[in-house]
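Trainee: Here's a structure for you.
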Amino acid sequence: MSAGLSSGGAVPDGIVDAHVHLWDTGAMRISWFAERLGLPRRVGPDDLARATATSPVPVRAAVAVQAADTEGEARWLAARAAGHGPLPGPVVLQYDTRPGGPAAWAGMAQPLLDDGVPVAGVRLAVPGGAADLSDVAGLDALCAGLAGTGRVLETLVRPEQLPAVAALADRHPALDVVVCHLGLGTGAPDGAWRAALADVAARPRVHAKLSGLHTAGPADAGRVALIARAAVDLLGPERLLFGSDWPMSARVAPYAEVVGRTARALPRLDDAAVSALWSGTAARLYGITG
């Protein structure tokens, strides 16, 4: 156990951070970026390395999730991931539909796949869409393509959409699904969210990221503990993945504090569960070795 972390928050010798972002607003357009958000205009691999170096235990890899949804940005991200050693590591690209026939199951990401760019998964980011995901064109083709190529489907959804994610998992039982931010986002961890998370957790190949939890200062520890313990109860630690959501999380706390707060929010876990949650499950799902 690392110094400064409670006994309930033991962490292993290394971390695989399942959720970080990189971008450069001078090189590409990020549709949601605004100065009022208080985020840097550019965050690259060197910035990520400096942030993770403060972690109480080493971060040995990180999954870089595309921040927006253009092919140019995707190629920029993939190039940074390929050229800077273990950090950031695997990339997950956004799903954005485009015409192109049956072969274009990955939408915007398809040209990169066709060019042999290593892509560990594709993210469906639709928290503002229909509750039943009926407005997502080509969704079943995407899932079939991911399952057939051994890649992960990530979902960024709101609680009301979790039953649709469960239905999707039922239709594609060979697909590994990872729900970002526990399907909660900035919502309240109420009974409706817990029931929806329990529903999706009944599908054995659905996983979730313990990410996006920290939205306020240390006084929010009780809320974060409630969320984390519900996730452990419903999914089990073997289907949970730590994600810092850096640099979004840096607006609330430095990287080391995000690690520490997450660790202290967790119930006491045995060594195997600790290893799975902090590194092993992410390494398996995203093909991280070494």
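With positions in the sequence shown counted from 1, the corresponding number in the numbering used here is that position plus 1245.
Ideal Cβ placement from N, Cα and C applies to all residues, glycine included.
Please name the residue, chosen from V1304, Y1340, A1296, that lies closest to A1312 on a Cα-to-Cα basis.
Mentor: Y1340
Trainee: Among R1416, D1262, A1296, P1356, whose alpha-carbon lies nearest the alpha-carbon of A1498?
Mentor: Considering only alpha carbons, the answer is A1296.
Trainee: Check L1378 in the structure and name its three-state DSSP category.
Mentor: coil
Trainee: Could you work out which residue in S1494, R1416, A1475, V1410 is closest to P1285 when comparing CA atoms only?
Mentor: When each option's Cα is compared against that of P1285, the closest is S1494.
Trainee: May I ask you to report which of helix, strand or coil DSSP gives H1264?
Mentor: strand
Trainee: Relative to the alpha-carbon of R1509, which residue among R1468, L1479, S1276 has its alpha-carbon at the smallest distance?
Mentor: Each of R1468, L1479, S1276 was checked against the Cα of R1509, and the nearest Cα belongs to R1468.
Trainee: Note down the Cα distance separating T1490 from A1392, rounded to an integer number of angstroms.
Mentor: Note that residue 1490 is Asp in the sequence shown here, rather than Thr. Going by the C-alpha atoms only, they are around 25 Å apart.
Trainee: So within the segment 1450-1493, which uninterrupted alpha helix (DSSP H) runs reach at least 4 residues, ignoring any that extend past its ends?
Mentor: 1466-1480
Trainee: Around the C-beta of A1248, are 16 or more other C-beta atoms found within 10 angstroms, so that it is buried, or is it exposed?
Mentor: With a pLDDT of 40 at A1248, under the threshold of 50, the modelled position of that residue is not reliable, and no figure is offered here.
Trainee: Can you check whether the CB of V1402 is closer than 8 Å to the CB of V1558?
Mentor: Given that the chain is displayed from residue 1246 to residue 1535, the structure contains no residue 1558 and the question cannot be resolved.
Trainee: Rank V1504, G1488, L1522, R1396 by C-alpha distance to the C-alpha of H1426 and give the top, closest one.
Mentor: G1488
Trainee: Determine the contact status of A1307 and L1486, defining contact as a CB-CB distance below 8 Å.
Mentor: In this structure, A1307 sits away from L1486, with a CB-CB distance that is not shorter than 8 Å.
Trainee: Leaving out five residues on either side along the sequence, give the residues of the same chain with a beta carbon under 7 Å from the beta carbon of G1390.
Mentor: W1350, A1351
Trainee: Given a cut-off of 8 Å, decide if A1409 and L1378 are closer than it, judged by their beta-carbon atoms.
Mentor: Cβ atoms of L1378 and A1409: closer than 8 Å.
Trainee: Between which two residues does the alpha helix (DSSP H) containing A1419 stretch?
Mentor: Neither: A1419 is in no alpha helix (DSSP H) and is coded neither H nor E.
Trainee: Give the DSSP bridge partners of R1287, in chain order.
Mentor: D1269
Trainee: On the DSSP bridge list, what partners appear for Q1406?
Mentor: Looking at the DSSP assignment, Q1406 forms no beta bridge with any residue, so it has no partner.
Trainee: Beta-carbon within less than 7 Å of L1322's beta-carbon, same chain only, minus the 5 sequence neighbours each way: which residues are those?
Mentor: L1267, A1309, Q1311, V1336
Trainee: Please identify the residue among L1522, D1516, P1290, P1492 whose C-alpha is closest to the C-alpha of L1480.
Mentor: Per the Cα distances, L1522.
Trainee: Looking only at DSSP bridge pairs, what is R1368 linked to?
Mentor: Q1339, E1399
Trainee: Can you give me the Cβ contacts of L1369 inside the same chain, cut-off strictly under 6 Å, excluding the 5 residues immediately before and after it?
Mentor: Y1340, T1400
Trainee: May I have the straight-line CA-CA distance separating A1326 from E1405, to the nearest angstrom?
Mentor: Their backbone Cα atoms lie some 33 Å apart in a straight line.
Trainee: Nearest CA to the CA of A1444: which residue from L1282, D1415, G1289?
Mentor: Residue identity check: residue 1444 is Asp in the sequence provided, not Ala. Considering only alpha carbons, the answer is D1415.
Trainee: Within its chain, find whatever has a CB closer than 6 Å to the CB of A1294; leave out the 5 residues flanking it on each side and keep chain order.
Mentor: The answer, listed in chain order, is L1332.
Trainee: Does the Cβ-Cβ distance between L1398 and V1381 come in under 8 Å?
Mentor: Contact flag unset, no.
Trainee: What does a CB cutoff of less than 7 Å around L1250 pick up in its chain, not counting 5 residues either side in sequence?
Mentor: For L1250, the pLDDT reaches just 49, beneath the cut-off of 50, and the residue's location in the model is therefore unreliable, although a value from the coordinates is still provided. Only residues of its own chain outside the window of five on either side were considered, and among them V1256, P1301, G1505, A1508, R1509 have a CB closer than 7 Å to the CB of L1250, listed in chain order.
Trainee: Determine whether the Cβ of A1464 lies closer than 8 Å to any Cβ atom of chain D.
Mentor: The structure shown contains no chain D, having only a single protein chain.
Trainee: Please name the residue or residues paired with A1518 in a DSSP beta bridge.
Mentor: In the DSSP assignment, no residue is bridged to A1518.
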